[in-house]
Amino acid sequence: MLIYFGIGTNLGDREANLNAALHLLNERVGEQLACSSVHRSAPMGFESENEFANIVAVCQSDYSPEEVLLITQQIEREMGRTEKSVDGVYHDRVIDIDLLQAYIGTPESGVGSQIEFTSETLTLPHPRMQERDFVLIPLREVEAILN
47 MLIYFGIGTN LGDREANLNA ALHLLNERVG EQLACSSVHR SAPMGFESEN
97 EFANIVAVCQ SDYSPEEVLL ITQQIEREMG RTEKSVDGVY HDRVIDIDLL
147 QAYIGTPESG VGSQIEFTSE TLTLPHPRMQ ERDFVLIPLR EVEAILN
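Below, the structure is given as structure tokens:
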């Protein structure tokens, strides 16, 4: 399965935060196949003086989407994220790892069918990614790398 992640940070050493998250995803979820350049953006949905650094990365994984969600939440906690955004209330964060979309397939066989998945904790594809340039711009870049 190919899993696309949106990764963002607006606290501390943002470049180091992104690199640490990428390393941990590669180690725990699966091999990284592509990663966008860093896209800078103002906070969305809340006020902050801290600009975000965002990337999109793609990993190949044998885990289910819900297993990957649990892994990403553990990574966020280990990196110092103490609270999640709830009901549209956002705040500064050292790291945020969102599952954006997933596909059945491998780099060798090509990207297959998009996985549509909904549970109490996860919806794929991500329901708000089309509203966010900080996701769409790096997502297009990654798709161009993979194609």
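Residues in the sequence shown are numbered from 47 upward in steps of one, following my numbering. All C-beta atoms in this analysis are idealised placements derived from N, C-alpha and C, irrespective of residue type, glycine included.
Given this structure, state the Cα-to-Cα distance separating residue i from residue j, to the nearest angstrom.
i: V84; j: S165; result: 30 Å
i: L182; j: N100; result: 11 Å
i: S110; j: L79; result: 18 Å
i: P173; j: L146; result: 8 Å
i: G91; j: I117; result: 26 Å
i: C81; j: V188; result: 6 Å
i: N193; j: E177; result: 24 Å
i: E73; j: S94; result: 32 Å
i: F180; j: A103; result: 13 Å
Can you tell me which residues form a DSSP beta bridge with residue i?
i: V75; result: In DSSP, V75 forms no bridge with anything.
i: Q160; result: Y149
i: R58; result: According to the sequence as given, residue 58 is Gly; it is not Arg. Beta-bridge pairing links G58 to no other residue.
Among the residues of its own chain, which have a CB less than 6 Å from the CB of residue i, if the five just before and after it don't count?
i: D142; result: G54
i: Q120; result: none
i: R60; result: A99
Leaving aside the five residues before and after residue i along the sequence, list all residues of the same chain whose C-beta is less than 8 Å from its C-beta, in chain order.
i: N96; result: N56, L57, P89, D138
Do residue i and residue j have their CB atoms nearer than 8 Å?
i: N65; j: V140; result: no
i: E125; j: A190; result: Sequence inspection shows Met at residue 125; the Glu mentioned does not correspond to that position. The answer is no: Cβ separation not under 8 Å.
i: C105; j: L70; result: no
Only counting the same chain, and skipping five residues up and downstream in sequence, which positions put a Cβ closer than 7 Å to that of residue i?
i: S107; result: M47, I49, V75, G76, V114
i: I150; result: M47, G158, S159, I161
i: D144; result: F51, G52, H172
i: L168; result: P111, E112, L115, L145
Secondary structure, alpha helix (DSSP H): runs of 4+ residues fully inside the region 88-146: 111-124
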